[in-house]
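Undergrad: Residue numbers (the numbering used here): 1 to 316.
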Ligand SMILES: NC(=O)c1ccc[n+]([C@@H]2O[C@H](COP(=O)([O-])OP(=O)(O)OC[C@H]3O[C@@H](n4cnc5c(N)ncnc54)[C@H](OP(=O)(O)O)[C@@H]3O)[C@@H](O)[C@H]2O)c1
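1. Spatial neighbours of residue 290 within its chain, please: C-beta separation below 6 angstroms, excluding the five flanking residues on both sides.
2. Less than 7 angstroms separating the Cβ of residue 179 from some heavy atom of ligand 1?
3. Residue 120: which of 302, 308 and 285 sits nearest, CA to CA?
4. Quick one, are the C-beta atoms of residue 235 and residue 254 less than 8 angstroms apart?
5. Could you give the distance in angstroms between the alpha-carbon of residue 16 and the alpha-carbon of residue 117?
6. Apply the 10 Å Cβ neighbour rule to residue 126 and answer buried if 16 or more other Cβ atoms are within range, or exposed otherwise.
7. Please look up how many angstroms separate the CB atoms of residue 152 and residue 142, rounded, as I've assumed it's under 8 angstroms.
8. Between residue 74 and residue 26, what straight-line distance do the alpha-carbon atoms span, to the nearest angstrom?
9. Could you have a look at residue 294 and say whether DSSP puts it in helix, strand or coil?
10. May I ask which residues mark the beginning and end of the beta strand (DSSP E) holding residue 108?
11. Does the Cβ of residue 220 lie closer than 7 angstroms to at least one heavy atom of ligand 1?
12. By DSSP's criteria, residue 73 is part of a beta bridge. Which residues make up the other side?
13. Looking at residue 152 and ligand 1, is the gap between the Cβ and the nearest heavy atom below 7 angstroms?
14. So residue 317 is in the beta strand (DSSP E); what residue range does that whole segment cover?
15. Which complete alpha helix (DSSP H) runs does the segment 112-189 hold, if anything under 4 residues is left out?
16. Confirm, please, whether the CB-CB distance from residue 315 to residue 288 is below 8 angstroms.
17. Which term fits residue 245, buried or exposed, when burial requires 16 or more other beta carbons within 10 angstroms of its beta carbon?
18. Within 8 angstroms, do at least three Cβ pairs link the segment 173-182 to the segment 121-140?
19. Could you tell me if residue 266 is buried or exposed, where buried requires 16 or more neighbouring beta carbons within 10 angstroms of its beta carbon?
20. Does ligand 1 have a heavy atom nearer than 7 angstroms to the CB of residue 182?
21. What separation, rounded to the nearest whole angstrom, lies between the Cα atoms of residue 80 and residue 110?
22. Round the Cβ separation of residue 85 and residue 70 to the nearest angstrom and send it over; I've been treating them as touching at under 8 angstroms.
23. Within this structure, are the beta carbons of residue 64 and residue 101 separated by less than 8 angstroms?
24. To the nearest angstrom, how far is it from the Cα of residue 282 to the Cα of residue 131?
25. Which whole-angstrom value is the C-beta distance of residue 62 and residue 99, which I expect to be below 8 angstroms?
26. Which stretch, first to last residue, makes up the beta strand (DSSP E) that contains residue 259?
27. Three-state secondary structure (DSSP) at residue 81?
28. Over the uninterrupted alpha helix (DSSP H) stretch that includes residue 51, give me the two end residues.
29. DSSP three-state label for residue 286, please.
30. Out of curiosity, what's the CA-to-CA distance linking residue 60 and residue 19?
31. With a threshold of 7 angstroms, establish whether the CB of residue 73 neighbours any heavy atom of ligand 1.
32. Which residues does DSSP list as the beta-bridge partners of residue 232?
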């Protein structure tokens, strides 16, 4: 099969397009013919070797954890799908080698869900990783309820764009931190308050909006933004980060609960997201598409750290 892969860690020049063996589904697995693969920051971090201590990695390594495609064949002991079914999935397996920048992948059935009927393959491939991350962060770790408030740091990227929409759909008040060029975009997604991190101290602007602090700060950026964002949580509230596992230091005396989230595959949550998408409550937000052969260009764009919404690769 055609695939984009690396044979050692390194920069974008390591991305190679070539032929690799087509995988065969084991018991409990389905094989998917991939039509489109979402591009995420984790893809370039894996390419550089930054996650090598977290999961076993093997070469040749195909990056990519997001897909939309169709069921191609079934392994033994599978029951939920038939060949030809249109599906989408978050494809993180326990070992990093067989990703989604390829024509085929095999996955446990439990990772896979039916594709939203109103999205094409490109749109559907933009959903799983970011929307599952936002869902598990806001609702599982963050326990966000109707009528509560959330401040999302790094709100215009892949995860943030999903989080703003999901929080609004839940009935929460949303403040969103990004550069000023994304203010109108975030308002259109449902943010009540947009704050530009390039214009002075964002804590002051935030405080003019909600002086007592929000129920939940959701950190999608880390570093100094997280350090200052902590001050925007109300006493007794919550802080969730998807970037910094150590981000909760110094919060205990204010009775603030901290959780670090690393997104898990879940076909049940993908089913729930599909219902929201088909009802028009959650939209795919795509800023650029590239052919598989142009994966290096897609990595250049995602590495810059200013993607609005998502980048997706077309798999021929
Ligand atoms: N733990 C997990 O399970 C998990 C899952 C998904 C992602 N992640 C991580 O979460 C992070 C976000 O992912 P993503 O896909 O949303 O990334 P992305 O699409 O690249 O979005 C980056 C966002 O950060 C904003 N930003 C840039 N500089 C900023 C600053 N100084 N202060 C505040 N915001 C700033 C950008 O806004 P502007 O464009 O306006 O600058 C944009 O909204 C990445 O580090 C990714 O690896 C973790």
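Note that the Cβ used here is the ideal one computed from N, Cα and C, for glycine as well.
Everything numeric in this text was worked out from a predicted model, so none of it was measured.
TA: Inspection of the coordinates gives the following:
1. If we look at residue 290 and ignore the five residues flanking it on each side, its Cβ neighbours are 297, 298 and 313.
2. True, at least one ligand heavy atom lies under 7 angstroms from that Cβ.
3. From the listed residues 302, 308 and 285, the smallest Cα separation to residue 120 is found for 285.
4. Judged by their CB atoms, residue 235 and residue 254 are nearer to each other than the 8 angstroms cut-off.
5. Spanning the two alpha carbons is a distance of roughly 33 angstroms.
6. Residue 126 should be labelled buried.
7. Rounded, the Cβ-Cβ distance is 11 angstroms, inconsistent with contact.
8. In this structure, the alpha-carbon of residue 74 lies about 9 angstroms from that of residue 26.
9. Of the three classes helix, strand and coil, the one that applies to residue 294 here is helix, per DSSP.
10. Here the beta strand (DSSP E) through residue 108 covers 104-108.
11. Remark: the shortest separation between the CB of residue 220 and any heavy atom of ligand 1 falls under 7 angstroms.
12. Looking at the DSSP output, residue 73 bridges to 31.
13. Outside the cutoff, so no.
14. One cannot answer for residue 317 here, as it falls past the ends of the chain, which runs 1 to 316.
15. Segments of the alpha helix (DSSP H) lying fully in the segment 112-189: 121-125, 128-135, 158-170 and 183-189.
16. Their beta carbons are not under 8 angstroms apart, which means residue 288 does not touch residue 315 by this criterion.
17. Residue environment: residue 245 is assigned as exposed (fewer than 16 neighbouring CB atoms within 10 Å of its CB, all protein chains considered).
18. With a cut-off of 8 angstroms, the segment 173-182 and the segment 121-140 do not count as touching, because too few Cβ pairs lie within range.
19. Counting Cβ neighbours within 10 Å, residue 266 comes out buried, since at least 16 surround it.
20. True, at least one ligand heavy atom lies under 7 angstroms from that Cβ.
21. Computed Cα separation, rounded: 9 angstroms.
22. With 8 angstroms as the limit, residue 85 and residue 70 qualify as a contact, their Cβ atoms being about 6 angstroms apart.
23. Cβ atoms of residue 64 and residue 101: closer than 8 angstroms.
24. Residue 282 and residue 131 have their alpha carbons spaced roughly 9 angstroms apart.
25. 4 angstroms between Cβ atoms; contact.
26. Under the DSSP assignment, residue 259 falls in the beta strand (DSSP E) whose first and last residues are 257-260.
27. In the structure shown, the three-state DSSP call for residue 81 is coil.
28. Per DSSP, residue 51 lies in no alpha helix (DSSP H) and is assigned neither H nor E.
29. Of the three classes helix, strand and coil, the one that applies to residue 286 here is strand, per DSSP.
30. Inter-residue distance for residue 60 and residue 19 is about 11 angstroms (C-alpha atoms, whole angstroms).
31. Exclusion of residue 73 from the 7 angstroms shell around ligand 1 follows from its C-beta lying no nearer than that to any non-hydrogen atom of the ligand.
32. Within the DSSP bridge table, the entry for residue 232 names no partner.
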